[in-house]
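Residue numbers (our numbering), protein chains in the order written: chain U, 150 to 485; chain R, 82 to 359; chain L, 56 to 332.
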């Protein structure tokens, strides 16, 4: 795969050109990724957005189908998926992008989820390496890196005056060809500068947690769960901001006679998540928190071979009561 | 600040070794030197973790109420009559006063280790462990923003709130950190009937947030936790403080200030102001 | 790519009042040209829905060998189940499925079968019982032990009478102490107690059980005492579900999803799973 460079003062021009033939989704505010109309709307100087870009693949709420009830009976209409419009996810961080190959496994497990798949297939990803990892970042502890290439088509890495452009996939190659007028060659010097910088960025990820043998070291019956996170208040902030959390609810919402069957985000932290009229297997907080950690670091890897965490640190930064998942992991290990 | 920490640790150690409390609710160091997290200490050995500094912002009163798992201090038989000690910032103290008025517990259930800032405290602390600066600037800024909203045309204000609340992701962090959101079954979770739709559409978000604000009217002690907890920067204090001000205008009452005053939403008097009823 | 969440429309052809809070619904597809709708394995389940109220999972209560309809028995408990109880013949409901692994009927071939059911737990067992009775030559002795809280709470009363009359099938019915009425001719006692009284031999036998969690707990203990190994005991579990097809993250016990790896498990498999059901 080829390497190029693009001058920093040309990057947003490239974005303007992309907008003409693609739906471009980029960090638009400190809060979220959204569709942009011009390059000037892209926020490039954020550590990361509050919400991950996962909502553009796995929507926070969307209609699975709609229904109409009248005296003759019921008619249902399939959801209209207009995802033939080609999209670009621009300036997403390597951690957020790495979540997509992880989620791919679940959304394709035996039953193909057309809502997720169509969006995945129609999206080319241009990610942006992290030259200033945040103090809550721990990507390097979960097989990630500030310059990680997992899941991306093109990776931009900020050098002194320009971005190094690493093409990672065929799709990325085609895009760079199509817009070749914006790119210049990458020299040996550029490669060396990039290498030095990437090492520095990796070293700058200060938060580390030992994840070796974690799957085996997490035990359902360990007595440590009960007192692990007593301060947790069972909200859904960590779940909703997390790039890999994917639990959802299905509700019929509408007015008398018509409505939509909607899929919406849900969280295993909520008290009612597993509640049935005749029983509740997780009636107290520690059981729900155990489910959260074990699902992410034991059950999901057991089923799909990948840890359900990319180390983005959002759960740590935005937890209302300042819980640190890496502290929980260390304490939850048997013998740890 | 280090003095406050020492005082809290000493007092906590004394209370626990003398068997005078079931637990001490306080703060410990979090994931960085600028972050604290709530902690619950039940043994003398655990008191070393307790601290207090500028990073300690959470309203710990939340942990004195709640359902399974949250209210950790349901007593064992031996502990039946023992109180709980709590490190109480000024906002927390105000919350405790109002919670006592809502009969969540009685004053003797608590040992209040107070951190005061000179503001009106409706609660006699058991011990003052420290003094901090009052945050008047924050209050003034909030006041100014509310006045600006009041000056808007209703349609303009409605657009403001629709835009803010369209950001809501329905994580319920606001509800979960609020000490006064302790309903066994929240109206947002009730599904027979489904009063408030669950999907995070703008209109549904507006329903949820306004209903929560209404349910807090006359009860909210303006600790600001909801706004601090909201990941999406929704200015919830504006809503809740505005409603608190409306109650004060109509009934001369503001929650958590006066330990004797009865909350207007809980009592009826024949001479209650009714001028706002059309 | 099809929309896996899009339900089929089904019409209610018949409703049977089983008890004061349980009804059986017999459904056929609204689209008469649909000819794959009734292929399923005994022990699988479907996600049924009432448009405007919501979806809920119910086990198929009939055998694939008797698939004139899809049958499900629903106990009124919450919002969706309550709404089902308000429906009439001719009303339309949604159906997604069949989901789940179903009973390992091939592995039961040549064995004695002991069915132990409680309350509405008989519903998923019925799909397997009917299937076995319809392929009777594949199995050795068939014994059915079924009980409910009271005589009024017994489901499939007509079919129970049929099974009682059938030769080659031993049917033992019981109600909880205090649940008998004057005409009751069956046993009186909790299902696990009656099971122990029956002293069934574990020799070449598979015990298939379903019922309230408390009953299953005691049946497992009784079965162990009687000498059944964990591999010889099969049960079907129920957890809260939404998607029914392994994506919404809700119905797991440890790494296993009840909607995909279950709902049917052997007790041996359950012993390797966390105690979270």
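Every residue gets a Cβ at the ideal spot worked out from N, C-alpha and C, and that includes glycine. Everything numeric in this text was worked out from a predicted model, so none of it was measured.
| query | result |
| --- | --- |
| Beta-carbon neighbours of residue 273(R), restricted to chain L and to distances below 9 Å | 133, 134 and 137 |
| Cβ shell of residue 247(R) (< 7 Å), same chain only, five flanking positions each side left out | 283 and 286 |
| Reduced DSSP category for residue 318(R) - H, G, I as helix; E, B as strand; rest coil | helix |
| Residue 397(U): first and last residue of the uninterrupted beta strand (DSSP E) it sits in | 397-404 |
| CB of residue 325(R) within 8 Å of CB of residue 179(R), strictly | no |
| Segment contact, 8 Å Cβ cut-off, at least three pairs: the region 227-240 of chain R with the region 267-283 of chain R | no |
| CB contact below 8 Å: residue 60(L) versus chain R | no |
| Residues bridged to residue 153(U) [DSSP beta-bridge criterion] | 314(U) and 334(U) |
| Residue span of the alpha helix (DSSP H) that contains residue 449(U), given as start and end | 449-453 |
| Beta-carbon gap between residue 211(L) and residue 181(L) smaller than 8 Å | yes |
| N-terminal and C-terminal residue of the beta strand (DSSP E) that residue 172(L) is part of | 167-173 |
| Neighbourhood of residue 309(L) by C-beta distance below 6 Å, restricted to the same chain and skipping five residues each side | 328 and 329 |
| Unbroken stretches of the beta strand (DSSP E), 3 residues or longer, contained in the region 134-206 of chain L | 147-154, 167-173 and 197-203 |
| For residue 163(R) and residue 150(R), the rounded distance between their alpha carbons | Any answer about residue 150(R) is weak, because its pLDDT of 37 lies below 50 and its placement is not dependable; what the coordinates show is given next. Going from the Cα of residue 150(R) to the Cα of residue 163(R) covers about 19 Å. |
| Boundaries of the alpha helix (DSSP H) in which residue 208(R) is found, first to last residue | It is not in any alpha helix (DSSP H) - residue 208(R) instead sits in the beta strand (DSSP E) that spans 208-212. |
| Min CB distance residue 282(R) to chain U below 8 Å | yes |
| For residue 237(U), the residue or residues it bridges with in DSSP | 173(U) and 273(U) |
| Proximal residues of chain U, C-beta to C-beta of residue 118(R) below 7 Å | 380, 470, 471 and 472 |
| 7 Å CB neighbourhood of residue 457(U) in its chain, flanking five on each side removed | 251, 393, 444, 445 and 449 |
| Selected residue, minimal CA-CA separation from residue 101(L), among 257(L), 128(L) and 260(L) | 128(L) |
| Beta-carbon proximity of residue 88(L) to residue 147(L), cut-off 8 Å | no |
| Distance, residue 281(U) Cα to residue 211(R) Cα | 38 Å |
| 8 Å contact criterion, which residue 209(L) and residue 226(L) should meet: CB distance rounded | No, residue 209(L) and residue 226(L) are not in contact; Cβ-Cβ is about 12 Å, not under 8 Å. |
| Range of the contiguous beta strand (DSSP E) that encloses residue 197(R) | 191-197 |
| Residue 129(L), enclosing alpha helix (DSSP H) - first and last residue | Looking at the DSSP string, residue 129(L) is not in any alpha helix (DSSP H); the run it does join, the beta strand (DSSP E), is 125-130. |
| Interface positions of the region 199-214 of chain U facing chain R (Cβ-Cβ less than 8 Å), listed along the chain | 199, 200, 209 and 210 |
| Residue 103(R) - DSSP class collapsed to helix/strand/coil | coil |
| Distance between beta carbons of residue 176(R) and residue 304(R), contact taken as under 8 Å | 6 Å |
| For residue 229(U), the nearest candidate out of 143(L), 83(L), 152(L) and 56(L) (CA to CA) | 56(L) |
| Residue 481(U) at chain L interface by Cβ criterion, 8 Å | no |
| Proximity of residue 250(R) and residue 389(U) at Cβ, strictly below 8 Å | yes |
| Terminal residues of the alpha helix (DSSP H) in which residue 244(L) lies | No alpha helix (DSSP H) contains residue 244(L), which DSSP labels as neither H nor E. |
| Backbone CA spacing between residue 299(R) and residue 345(R) [nearest angstrom] | 7 Å |
| Chain-order list of residues whose beta-carbon lies under 6 Å from that of residue 441(U) (same chain, five-residue window excluded) | 417 |
| C-beta contact flag for residue 398(U) and residue 297(L) at 8 Å | yes |
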